[in-house]
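*Asks:* Its first residue numbered -3, the sequence shown is counted upward by one per residue in the numbering used here.
A virtual CB, placed ideally from N, CA and C, is assigned to each residue, including glycine.
There's a structure below that I have some questions on.
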Amino acid sequence: MDNLLTTKQLQDLLKVDRTTVYRMLKTGRLMGVKVGNQWRFPRDEVEAMLSGRPAECDPAAEPAPPAETLPVPCVQAIQDVFAELADVGAVTTQPNGQPLTTISNCSRFCQLIQSSAAGQAACVESWQKLARLSPRQPQFLACHAGLQYACAPIEVNDGLEAMLVAGQFYAVPPIPTDEQTRLDTLAHKFNLDATALADAAQEIPVLTNRTQAKIGQWLGKVAQTFGQVGKERAAFRNRLRLIAEMSTLDPA
């Protein structure tokens, strides 16, 4: 419970009385959880709002990084469930392709690629390219390693905060001779064991167009959910920041 503030601790922090705290809860200006008969308030949320960073409602303020706008542990948990249910690999990245989360349900093939720094860089470059080329509706395209991926934008208050990327499958069964050439090239490029890479590639599934379409729909819905979570988090942080500013005003 160390990460939760009591009502008294919140009063001391915000310099307000108990009645004001309960009024803010009732009007939605403050978020809390009830443990038994007592209210508790997330310490990290409160402290982050009081840290002095510029409010997002300030036109001159720089936008908060996605890691601050999006609660990454929450995003990771939802992403893990989505990836497992859809049986795809998934990762949430910044708009520049840099990952915010750990890859969920990562295939053995992609784990081998990601085991080298050059492979990781190639994956990030693929995610960047996908973000630039992908339309508003998720559409699957081939990554640098020949697997299918799609991405969906995560928008908070009409601004692009992150991208949800999912895939790690074949759209059609690969031609054996072409597959071998591709795998040999990847193994040489990333200094990987060609036999191990070829063995891992045999586990990559081939998905039908219908399954791809269904995954694309889920991908878009999950991205929208992340955007809504980010929007509510941003609103909560801004409310607490305004409360802090009002509570520190000198009385007339």
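Among Gly226, Val218, Gln224, which has the Cα closest to the Cα of Asp76?
*Replies:* Nearest option by C-alpha distance: Val218.
*Asks:* How is Pro149 classed by DSSP in three states: helix, strand or coil?
*Replies:* Here Pro149 sits in strand by DSSP.
*Asks:* Answer with buried or exposed for Leu96, where buried requires no fewer than 16 other C-beta atoms within 10 angstroms of its C-beta.
*Replies:* Leu96 should be labelled buried.
*Asks:* Could you spell out the range, first to last residue, of the alpha helix (DSSP H) harbouring Thr173?
*Replies:* Taken as a continuous stretch (DSSP letters only), the alpha helix (DSSP H) holding Thr173 covers 172 to 185.
*Asks:* Just tell me which of Leu129, Gly142, Leu188 has its CA closest to the CA of Glu175.
*Replies:* Of Leu129, Gly142, Leu188, the residue nearest in Cα terms is Gly142.
*Asks:* In three-state DSSP terms, what is Thr168?
*Replies:* It is Val, not Thr, that sits at residue 168 in the sequence shown. DSSP places Val168 in coil when its eight states are reduced to three.
*Asks:* Below 8 Å, can you find three or more Cβ-Cβ pairs linking the segment 175 to 185 to the segment 193 to 211?
*Replies:* Judged by Cβ distances under 8 Å, the segment 175 to 185 makes contact with the segment 193 to 211, as three or more pairs qualify.
*Asks:* Can you say whether Val17 is buried or exposed, counting buried as having 16 or more other CB atoms within 10 angstroms of its CB?
*Replies:* Burial call: buried.
*Asks:* For Val12, name the three-state secondary structure that DSSP assigns.
*Replies:* Coil, per DSSP.
*Asks:* Relative to the C-alpha of Leu0, which candidate in Asp13, Trp35, Thr15, Leu215 has its C-alpha closest?
*Replies:* The candidate whose alpha carbon is nearest that of Leu0 is Trp35.
*Asks:* Determine the DSSP secondary structure at Ala95, reduced to helix, strand or coil.
*Replies:* Sequence inspection shows Pro at residue 95; the Ala mentioned does not correspond to that position. Strand, per DSSP.
*Asks:* From the DSSP output, which residues share a beta bridge with Ala138?
*Replies:* Ala138 is bridged to Gln144.
*Asks:* For Arg49, which three-state DSSP category applies?
*Replies:* Interpretation of Arg49 is limited by its pLDDT of 42, a score under 50 that renders its predicted location unreliable; no figure is taken from the coordinates.
*Asks:* Enumerate in chain order the residues of its own chain whose CB-to-CB distance from Ser122 is below 6 Å, with the five nearest sequence positions on each side excluded.
*Replies:* Hits under 6 Å: Cys139, His140.
*Asks:* If you run the structure through DSSP and keep just helix, strand and coil, what is Val161?
*Replies:* The answer is strand: DSSP assigns Val161 an E or B state.
*Asks:* With Val87 as the anchor, note down where its beta strand (DSSP E) starts and where it stops.
*Replies:* Element bounds for Val87: 85 to 89.
*Asks:* For Val68, which three-state DSSP category applies?
*Replies:* In the structure shown, Val68 sits in a helix (DSSP, three-state: H, G or I).
*Asks:* Would Thr65 and Gly226 qualify as a contact pair, given that the criterion is a beta-carbon distance under 7 Å?
*Replies:* Contact: yes.
*Asks:* Please confirm whether Gly93 and Val120 have their CB atoms less than 7 Å apart.
*Replies:* Yes, they are a contact pair.
*Asks:* Looking only at C-alpha atoms, which of Gly85, Gly155, Ala82, Asn101 sits nearest to Gln220?
*Replies:* Closest option to Gln220, Cα to Cα, is Gly155.
*Asks:* Just verifying my parser: in three-state terms, what is the DSSP assignment at Thr221?
*Replies:* Of the three classes helix, strand and coil, the one that applies to Thr221 here is helix, per DSSP.
*Asks:* Report yes if the C-beta distance between Ala146 and Leu203 is below 7 Å; otherwise report no.
*Replies:* Contact: no.
*Asks:* Could you pull the start and end residues of the beta strand (DSSP E) that Leu1 belongs to?
*Replies:* 0 to 2 is the span of the beta strand (DSSP E), which, as asked, contains Leu1.
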